[in-house]
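Worksheet: the structure to be examined is printed underneath.
Residue numbers (UniProt numbering): 1 to 364.
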């Protein structure tokens with residue numbers, strides 16, 4: 001376990017704190033290489049876990065990693081809006097993401113430790129986690145997650161009131177000098193926005209992962225692998241994130257499934273005295289780990305394929321519309337040319353041009 005954490009720490013430091021600290025806009029090739037490396041690393045890690053500890057923890061890891069990775073992709077859309085809202089220069093966005101992901105890892109580590117301790121002593125918390133995930137799934141299904149527009153929270157509005165904030169960025173600096181006075185740059189507000197957003201993300205992701213496994217080691221490692229390569233994914237997807245139109249539906253199905261699974265587990269191991277006299281419901285089945293993985297893969301796979309099909313259909317319609325417009329303009333130009341030629345022929349033959357209805361149409 002110590003070796004695992006050490007290797008993951010090296011991965012994280014290299015990806016986030018070394019590569020991510022260099023202000024630049026990564027190329028598509030660089031993004032694909034980084035993402036492919038970390039995806040392969042996650043698959044290999046799961047394979048090693050399978051060989052060492054058996055199939056059950058490995059399947060739990062793969063299920064947790066896929067779920068967390070999918071939630072992270074959905075959350076990238078909010079990062080895009082925050083970057084746009086605060087007009088973060090594109091070459092600084094990688095640096096901002098590296099800090100934001102570091103904050104996310106720390107916060108998730110705290111939430112995982114608290115969640116593991118609470119679930120060990122109070123198994124009835126699964127009822128709350130399950131209900132929360134069902135509500136979140138319903139919001140995703142209805143599209144009520146308010147991702148279309150970013151609204152500054154109370155903390156950020158308070159910071160703007162009590163701290164002098166400059167209008168311009170000064171590289172990576174949090175403080176700068178304007179007219180001989182030291183002020184904070186908008187970078188400080190961006191970090192607070194990313195950090196508070198990470199807290200909200202943790203409330204979604206931590207109950208979801210605990211619905212798949214109760215092992216804190218698997219929970220934490222699946223979160224780390226989901227966060228690695230996330231900043232490259234941000235630049236690779238870019239504006240295409242909002243074109244994954246059916247991803248929220250796939251995530252909604254996954255979260256609803258995990259929510260139901262949590263409630264079923266809570267009923268099976270019930271200890272609340274006002275439910276069935278404090279006894280568990282033996283008739284309630286326990287969903288096997290392999291079935292969870294199958295459901296997650298199928299839901300996300302169908303959502304991705306449907307999104308690709310939808311994007312192609314929209315592209316075909318746009319191409320057809322552009323072709324129709326171009327054809328119409330060509331016909332209009334041809335008709336106008338024919339009308340002008342007819343007028344010239346009439347003038348050449350000494351015939352008075354007809355500017356009546358037919359003539360007007362010809363001229364048009």
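Every residue gets a Cβ at the ideal spot worked out from N, C-alpha and C, and that includes glycine. Predicted, not measured: the structure shown is a model, and the values here were computed from it.
Looking at residue 163: is its Cβ nearer than 8 angstroms to the Cβ of residue 191? no
Rounded to the nearest angstrom, what separates residue 256 and residue 188 at their Cα positions? 36 angstroms
When burial is assigned at 16 or more other CB atoms within 10 Å of the CB, is residue 83 buried or exposed? buried
With burial defined as no fewer than 16 other Cβ atoms inside 10 Å of the residue's Cβ, what is the status of residue 65: buried or exposed? buried
Measure the alpha-carbon distance for residue 302 versus residue 308 and round it to whole angstroms. 10 angstroms
Run the CB neighbour count on residue 223, radius 10 Å, all protein chains shown included, and call it buried at 16 or more, exposed below. Answer is buried; the Cβ neighbour count reaches 16.
Segments assigned beta strand (DSSP E), at least 3 residues, entirely inside the region 173–200: 175–178, 181–184
Look at the Cβ atom of residue 120, then the Cβ atom of residue 269, and state whether they are nearer than 8 angstroms. no
What does a CB cutoff of less than 6 angstroms around residue 215 pick up in its chain, not counting 5 residues either side in sequence? none
Please tell me whether residue 69 and residue 46 are closer than 8 angstroms, where the distance is taken between their beta carbons. No, the Cβ-Cβ distance between residue 69 and residue 46 is not below 8 angstroms.
What number of angstroms, rounded off, separates the C-alpha of residue 107 from the C-alpha of residue 321? 48 angstroms
Could you tell me the alpha carbon to alpha carbon distance between residue 81 and residue 197, rounded to whole angstroms? 12 angstroms
Within its chain, find whatever has a CB closer than 6 angstroms to the CB of residue 195; leave out the 5 residues flanking it on each side and keep chain order. Cβ-Cβ distances below 6 angstroms link residue 195 to 103 in the same chain, with the five nearest sequence neighbours on each side left out; the list follows chain order.
Does the Cβ of residue 6 have 16 or more other Cβ atoms within 10 Å, making it buried, or fewer, making it exposed? exposed
State the DSSP-derived secondary structure class of residue 275, mapped to helix, strand or coil. Here residue 275 carries a coil assignment [DSSP, helix/strand/coil].
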